[in-house]
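**Q** Sequence lines, in order, name chains F and B. Position 27 of the first sequence, counting from 1, maps to 27 under this note's numbering, and the rest follow consecutively. Position 34 of the second sequence, counting from 1, maps to 34 under this note's numbering, and the rest follow consecutively.
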Amino acid sequence: MTAHVEVNGLRVTARNAAGETFPIVSEIDFALKRGEVLALIGESGSGKTTIALTLLGHARPGATIAGGSIRVGDHEILSLDARGIAQLRGNRIAYIAQSAASAFNPSRTIMDQVIEPALIHHLMPRAQAEKKAVELFRALALPFPDTIGSRYPHQLSGGQLQRLMASMALVTDPELVILDEPTTALDVTTQIEVLRAFKAVVLERGATAVYVSHDLAVVAQMADQIVVLNQGRIREKGAADQILHRPADDYTKTLMAAARPAIRPAPKQAVLPSAPLLEIRDMTAGYGKIGKDGRPRIPVLRDINLTIERGATLGVIGESGSGKSTMARVIAGLLPPAQGEVLLNGEPLPPGLKGRSRDQFRRIQLVFQNADTALNPAHSVGQILSRPLAFYHGLKGNAARLRVLELLDLIRLPATVIDRRCGELSGGQKQRINLARALAADPELILCDEVTSALDTVVGAAILDLMAELRKELGVAYMFISHDISTVRAICDDILVLYSGTMVDMGRREAFRAAPFHPYTDLLIGSVPEMRAGWLEESAAARSLPRIGAPAEEADLCRFLPRCPARIDGLCNVTPPPRHQLSKGNDILCHHGEVTLTQVQGVAA
Amino acid sequence: MAGASSSSGVKAALSLIAKRFASSLLTLFLVSLVVFTIAQLLPGDAAQEALGQSATAEQVQALRHEMGLDRPAHERYASWLSGMVSGDPGQSLVANLPVSEVISSRLPNSLLLAALSALVAVPVALAIGIGSAMNRGGKLDRALNISTLSMVAVPEFLVATLAVLIFSVKLRWLPSIALVADDMSWGDYLRGAAMPILCLSIVVIAQMARMTRAAVIDQMDRPYVEMAVLKGVAPVRMVLRHIMPNAVAPIVNAMALSLSYLLGGAIIVETIFNYPGLASLMVNAVTSRDMPLLQACAMIFCAAYLILMLIADVTAILANPRLRAQ
Ligand SMILES: Nc1ncnc2c1ncn2[C@@H]1O[C@H](COP(=O)(O)OP(=O)(O)OP(=O)(O)O)[C@@H](O)[C@H]1O
Ligand code: SF4
Ligand SMILES: [Mg+2]
Numbered sequence: 001m002t003a004h005v006e007v008n009g010l011r012v013t014a015r016n017a018a019g020e021t022f023p024i025v026s027e028i029d030f031a032l033k034r035g036e037v038l039a040l041i042g043e044s045g046s047g048k049t050t051i052a053l054t055l056l057g058h059a060r061p062g063a064t065i066a067g068g069s070i071r072v073g074d075h076e077i078l079s080l081d082a083r084g085i086a087q088l089r090g091n092r093i094a095y096i097a098q099s100a101a102s103a104f105n106p107s108r109t110i111m112d113q114v115i116e117p118a119l120i121h122h123l124m125p126r127a128q129a130e131k132k133a134v135e136l137f138r139a140l141a142l143p144f145p146d147t148i149g150s151r152y153p154h155q156l157s158g159g160q161l162q163r164l165m166a167s168m169a170l171v172t173d174p175e176l177v178i179l180d181e182p183t184t185a186l187d188v189t190t191q192i193e194v195l196r197a198f199k200a201v202v203l204e205r206g207a208t209a210v211y212v213s214h215d216l217a218v219v220a221q222m223a224d225q226i227v228v229l230n231q232g233r234i235r236e237k238g239a240a241d242q243i244l245h246r247p248a249d250d251y252t253k254t255l256m257a258a259a260r261p262a263i264r265p266a267p268k269q270a271v272l273p274s275a276p277l278l279e280i281r282d283m284t285a286g287y288g289k290i291g292k293d294g295r296p297r298i299p300v301l302r303d304i305n306l307t308i309e310r311g312a313t314l315g316v317i318g319e320s321g322s323g324k325s326t327m328a329r330v331i332a333g334l335l336p337p338a339q340g341e342v343l344l345n346g347e348p349l350p351p352g353l354k355g356r357s358r359d360q361f362r363r364i365q366l367v368f369q370n371a372d373t374a375l376n377p378a379h380s381v382g383q384i385l386s387r388p389l390a391f392y393h394g395l396k397g398n399a400a401r402l403r404v405l406e407l408l409d410l411i412r413l414p415a416t417v418i419d420r421r422c423g424e425l426s427g428g429q430k431q432r433i434n435l436a437r438a439l440a441a442d443p444e445l446i447l448c449d450e451v452t453s454a455l456d457t458v459v460g461a462a463i464l465d466l467m468a469e470l471r472k473e474l475g476v477a478y479m480f481i482s483h484d485i486s487t488v489r490a491i492c493d494d495i496l497v498l499y500s501g502t503m504v505d506m507g508r509r510e511a512f513r514a515a516p517f518h519p520y521t522d523l524l525i526g527s528v529p530e531m532r533a534g535w536l537e538e539s540a541a542a543r544s545l546p547r548i549g550a551p552a553e554e555a556d557l558c559r560f561l562p563r564c565p566a567r568i569d570g571l572c573n574v575t576p577p578p579r580h581q582l583s584k585g586n587d588i589l590c591h592h593g594e595v596t597l598t599q600v601q602g603v604a605a
Numbered sequence: 001m002a003g004a005s006s007s008s009g010v011k012a013a014l015s016l017i018a019k020r021f022a023s024s025l026l027t028l029f030l031v032s033l034v035v036f037t038i039a040q041l042l043p044g045d046a047a048q049e050a051l052g053q054s055a056t057a058e059q060v061q062a063l064r065h066e067m068g069l070d071r072p073a074h075e076r077y078a079s080w081l082s083g084m085v086s087g088d089p090g091q092s093l094v095a096n097l098p099v100s101e102v103i104s105s106r107l108p109n110s111l112l113l114a115a116l117s118a119l120v121a122v123p124v125a126l127a128i129g130i131g132s133a134m135n136r137g138g139k140l141d142r143a144l145n146i147s148t149l150s151m152v153a154v155p156e157f158l159v160a161t162l163a164v165l166i167f168s169v170k171l172r173w174l175p176s177i178a179l180v181a182d183d184m185s186w187g188d189y190l191r192g193a194a195m196p197i198l199c200l201s202i203v204v205i206a207q208m209a210r211m212t213r214a215a216v217i218d219q220m221d222r223p224y225v226e227m228a229v230l231k232g233v234a235p236v237r238m239v240l241r242h243i244m245p246n247a248v249a250p251i252v253n254a255m256a257l258s259l260s261y262l263l264g265g266a267i268i269v270e271t272i273f274n275y276p277g278l279a280s281l282m283v284n285a286v287t288s289r290d291m292p293l294l295q296a297c298a299m300i301f302c303a304a305y306l307i308l309m310l311i312a313d314v315t316a317i318l319a320n321p322r323l324r325a326q
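(1) So, is F/Thr-183 buried or exposed, given that buried needs 16 or more other C-beta atoms within 10 angstroms?
(2) Please find out if some non-hydrogen atom of ligand 2 comes closer than 7 Å to the beta-carbon of F/His-580.
(3) Identify whether B/Met-309 lies in helix, strand or coil by the three-state DSSP scheme.
(4) Does at least one heavy atom of ligand 5 sit under 7 Å from the Cβ of B/Leu-113?
(5) Any residues in the stretch 205-237 of chain B with a beta carbon nearer than 8 Å to a beta carbon of chain F? Which ones, in chain order?
(6) So if I threshold CB-CB distances at 8 Å, which residues from the stretch 291-323 of chain B count as touching chain F?
(7) Just checking: is the beta-carbon of B/His-242 within a distance shorter than 8 Å of some beta-carbon in chain F?
(8) Between which two residues does the alpha helix (DSSP H) harbouring B/Val-216 extend?
(9) When the Cα atoms are used, what is the spatial distance from F/Val-218 to F/Arg-532?
(10) Could you pull out every residue in the same chain whose Cβ sits closer than 8 Å to the Cβ of B/Pro-292, ignoring the five residues on either side in sequence?
(11) Mark F/Arg-83 as exposed unless 16 or more other C-beta atoms lie within 10 angstroms of its C-beta, in which case mark it buried.
(12) Does any C-beta atom of chain B lie closer than 8 Å to the C-beta of F/Tyr-520?
(13) With a threshold of 7 Å (Cβ to nearest heavy atom), would F/Phe-611 be considered close to ligand 2?
(14) If you measure between the beta carbons of F/Thr-54 and F/Ile-41, is that distance less than 8 Å?
(15) If we cut at 8 Å on Cβ distances, does F/Ser-453 have a partner in chain B?
(16) As a quick exercise: from B/Ile-217, B/Arg-191 and B/Ser-201, pick the residue whose alpha carbon is nearest that of B/Gly-265.
(17) Just curious, the alpha helix (DSSP H) that F/Val-194 is in, first and last residue?
(18) What did DSSP end up calling F/Arg-71 once you bin it into helix, strand or coil?
(19) Out of F/Leu-278, F/Lys-237 and F/Pro-143, which one is the CA nearest neighbour of F/Ile-226?
(20) Opposite F/Gly-534 in the DSSP bridges: which residues?
(21) Kindly indicate which residue of F/Glu-135, F/Gly-19, F/Leu-445 and F/Leu-229 has the alpha-carbon position closest to the one of F/Thr-667.
(22) Assuming F/Ala-461 and F/Arg-264 are in contact, meaning their beta carbons sit under 8 Å apart, how far apart are those beta carbons, in whole angstroms?
(23) Could you tell me the alpha carbon to alpha carbon distance between F/Arg-362 and F/Tyr-392, rounded to whole angstroms?
(24) Just how far apart, CA to CA, sit F/Ser-596 and F/Val-417?
(25) Please say whether F/Val-188 and F/Leu-524 have beta carbons closer to each other than 8 Å?
(26) What residues in its chain sit with their C-beta under 7 Å from that of F/Pro-336, if we drop five residues either side in the sequence?
(27) Shorter than 7 Å, the distance from the beta carbon of F/Pro-577 to the closest heavy atom of ligand 2, or not?
(28) When burial is assigned at 16 or more other CB atoms within 10 Å of the CB, is B/Tyr-305 buried or exposed?
(29) Since F/Ser-380 and F/Tyr-499 should fall inside the 8 Å C-beta cutoff, what is the C-beta to C-beta distance between them, to a whole number of angstroms?
(30) Considering F/Asp-303, what are the terminal residues of the beta strand (DSSP E) in which it resides?
(31) Would you give the residue range spanned by the beta strand (DSSP E) that B/Leu-119 belongs to?
(32) Relative to chain F, which residues along the stretch 105-122 of chain B have a C-beta separation below 9 Å, given in chain order?
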């Protein structure tokens with residue numbers, strides 16, 4: 001059987017500000033058979049999306065397809081004219097974009113957009129197309145398949161939009177589907193649902209697929225062939241099994257290593273002083289006016305109690321919207337809590353920014369997810385680092401410069417970057433500067449909000465190593481906020497799991513190694529893809545929701561009830577869950593005791 | 001479920017529109033206060049103006065009493081406002097006619113001029129703006145960019161003077177003075193009003209075209225447009241079905257601003273071409289201290305401006321599913 005898709009000597013170039021052309025990808029060759037899935041993997045900037053788009057004959061503004069040949073079925077893509085290629089797009093070759101949330105037109109209904117490819121290519125009448133779309137919605141396990149099409153994108157969640165985008169791609173029964181990081185923007189628990197839906201619908205229809213991803217474990221679930229890219233060139237290609245288990249290329253090996261976070265052991269703790277570094281007592285916080293009952297109009301966090309010891313690392317995990325960033329904002333004083341208090345070294349901190357002293361500011365520093373927006377691209381590294389030195393320590397002139405050089409050494413950047421502008425640095429370098437700016441204050445606690453989420457695996461792993469070293473050298477404590485449980489398990493001493501603003505599980509790192517867990521923790525851990533084929537199918541078997549009666553009206557029930565695979569009818573939907581301790585030492589908020597949890601989870605684990 | 005959400009959406013949109021309408025009315029009320037106060041602060045008075053320099057103080061006083069100028073300000077404001085609301089803005093002090101009559105002889109001319117200018121300007125501006133956006137960076141775009149930029153930069157009195165020079169003096173196609181009479185045929189009217197329309201259109205076309213281009217280009221860089229390209233959507237459908245629903249709110253907003261400029265720009269153009277419209281009437285009212293007439297004209301201009309803004313707001317609400325369905 002000859003190849004269905006064949007790419008030879010593909011080369012794409014771009015033009016820089018000075019007008020010189022330079023290659024973005026070059027010497028790309030690969031082929032795949034009908035019905036196969038090929039994965040393109042590599043870090044951001046390696047040219048994955050560029051290659052995927054050329055299969056549709058498209059190059060982003062500024063880039064040009066400069067050479068090579070691409071054949072899909074009987075069509076030579078690069079020799080078609082604009083009309084010819086437009087007839088294939090959305091018809092024989094379909095594209096599923098990375099962020100469905102921005103790839104849907106905000107002003108048009110979902111149904112209009114989903115059936116548009118079928119209509120503009122005159123494949124079927126509207127009524128038939130709508131019927132087919134509803135069938136696809138059903139097959140992709142979307143809620144309310146008959147009416148979901150009449151909604152607008154802003155009324156749907158990211159995971160739902162991603163599946164709707166798949167139905168848009170499949171409505172014309174394309175022979176080739178291109179999926180560009182279709183689950184990267186999703187939480188793990190949503191990702192697993194979407195992956196399952198894709199696998200069932202895209203692949204079982206016999207379409208050939210090109211799956212772009214940076215996540216090896218996800219690729220392991222989907223791909224037959226893997227192409228590893230680095231800086232626009234192919235490093236290694238072959239059958240999925242060979243690449244995942246017997247990689248030949250060094251770069252592939254680095255990628256594999258970065259994908260499995262190394263455990264970074266905690267340094268031996270010094271003798272503890274009487275008061276913990278940070279303590280939060282009965283804290284409730286949210287947005288909007290605070291009502292008579294002491295709860296804000298949009299409550300986000302409630303009944304939070306935690307402590308962070310000197311030099312320790314507390315990991316806070318939870319899905320998007322669970323209130324992780326809100327917690328950091330309360331500690332930093334950006335958002336006064338509605339109830340409860342925050343203590344630093346045993347002394348209560350003023351709730352807002354106003355009452356806090358300069359020294360209190362100095363002790364708690366905040367590092368954000370997005371270094372791009374946190375650092376002014378026009379300022380030099382030296383300028384950025386001098387400012388906190390002057391503000392907190394009154395350092396000026398030569399003394400400040402010496403300290404900046406020390407800081408650069410601390411974050412493992414060469415002294416020469418001191419005069420570079422931030423805009424010229426790479427993402428990883430910017431995040432290091434961001435850290436150095438926090439370190440310039442000599443803080444006791446650094447609040448890190450998703451500091452590695454915007455970075456590639458390899459770069460992110462280097463930042464985590466750096467943070468571990470700094471902790472050893474300087475004894476700073478971290479609150480490490482993340483949605484990624486494997487990272488948190490690898491670097492934190494204590495872990496707090498948030499679900500919808502409540503603490504559902506809290507304990508030492510060791511307690512998170514094996515069952516029993518809180519049912520939500522179990523779902524989180526079970527949703528992290530493993531790097532072997534077949535994991536997706538196995539994990540699918542274990543998940544079904546027990547039937548329960550209507551939940552009681554007023555009671556303050558477990559927030560996880562609607563999604564909990566371990567819920568108990570007559571208990572969870574009637575009475576609020578108690579907080580109790582398991583023998584491993586972690587506190588959970590659940591009706592289940594140790595024995596029953598082990599029974600349920602022991603089987604799956 | 002979808003049905004319920006869309007009907008509650010309609011309700012939400014209606015209440016939002018009602019709120020905008022109420023705030024426009026409030027603005028109009030505040031404007032009336034300001035207009036009245038400013039009219040009081042203008043130096044000179046109509047009685048003095050009407051009787052001339054030689055009148056005695058008693059004569060002036062008597063006339064002031066007759067005209068009601070000696071009553072306290074708040075009383076005069078209240079009776080003026082209730083008159084305005086009931087459609088009787090008072091007596092023109094100079095023409096000795098009801099203000100409503102003076103205005104009704106001019107208002108249709110002004111509305112006609114504005115409407116015809118808009119009718120010319122809006123389609124042309126849309127075509128230029130969308131055309132240059134679709135051709136972004138190309139030759140056509142650059143040519144249109146330079147011409148609209150120079151049109152924005154030229155003041156309208158210069159445009160008007162140049163137009164007179166070219167079309168009346170050199171080519172002798174059009175009259176340089178806009179004669180408008182009640183019994184004119186449409187053809188004669190159009191010939192007479194062609195130059196004012198031309199001058200007004202040129203200035204607003206340039207502004208509107210530039211803002212349309214910016215609004216369309218802002219949308220063209222969004223990921224959903226690339227997605228539509230990858231679905232095989234052709235350029236014309238792309239603009240009409242994908243980009244326009246998102247760009248319509250900023251475009252209508254820009255249009256409303258430019259069209260409200262037609263009202264103000266009319267003052268200069270009407271004066272140059274001697275066109276019998278509301279703007280030149282208002283200028284006359286200022287010079288003759290005819291306060292009731294001046295106040296009524298000012299209120300009409302403000303109301304027209306607020307109506308345009310209201311239209312822009314309502315369009316923005318109706319075009320945005322988030323506002324429509326909250
Ligand atoms: N300024 C605000 N006004 C109202 N609600 C807000 C505001 N900021 C955040 N929220 C809401 O508070 C909740 C928690 O937000 P938060 O940013 O803490 O989530 P998160 O866990 O950090 O999520 P992510 O992983 O997406 O960053 C969300 O429901 C969010 O919509
Ligand atoms: S309390 Fe019930 S619903 Fe909540 S997590 Fe425990 S078992 Fe699940
Ligand atoms: Mg966050």
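Every residue gets a Cβ at the ideal spot worked out from N, C-alpha and C, and that includes glycine. Keep in mind the model is a prediction, meaning the values are calculated, not measured.
**A** By the coordinates alone:
(1) buried
(2) no
(3) helix
(4) As far as ligands go, the structure on display features ligand 1, ligand 2 and ligand 3 and does not contain ligand 5.
(5) Arg-222, Pro-223, Tyr-224, Glu-226, Met-227, Ala-228, Val-229, Leu-230, Lys-231, Gly-232, Val-233, Ala-234 and Arg-237
(6) Ala-319, Asn-320, Pro-321 and Arg-322
(7) yes
(8) 186-220
(9) 9 Å
(10) Trp-80, Pro-89, Gly-90, Gln-91, Ser-92, Leu-93 and Val-99
(11) exposed
(12) no
(13) In the structure as shown, chain F starts at 1 and stops at 605, and residue 611 of chain F therefore has no counterpart that could be examined.
(14) no
(15) no
(16) B/Ser-201
(17) 188-201
(18) strand
(19) F/Lys-237
(20) DSSP, once it has assigned bridges, lists no residue as partnering F/Gly-534.
(21) Absent from the structure is residue 667 of chain F, since the part of chain F shown begins at 1 and ends at 605.
(22) 10 Å between Cβ atoms; not a contact.
(23) 7 Å
(24) Before going further, note that residue 596 of chain F is Thr rather than Ser in the sequence given. The straight-line gap from Cα to Cα measures roughly 57 Å.
(25) yes
(26) Pro-351 and Gly-352
(27) yes
(28) buried
(29) Their Cβ separation, rounded to whole angstroms, is 43 Å, which puts F/Ser-380 and F/Tyr-499 out of contact at 8 Å.
(30) 296-308
(31) Not the beta strand (DSSP E): B/Leu-119 falls in the alpha helix (DSSP H), residues 99-134.
(32) none
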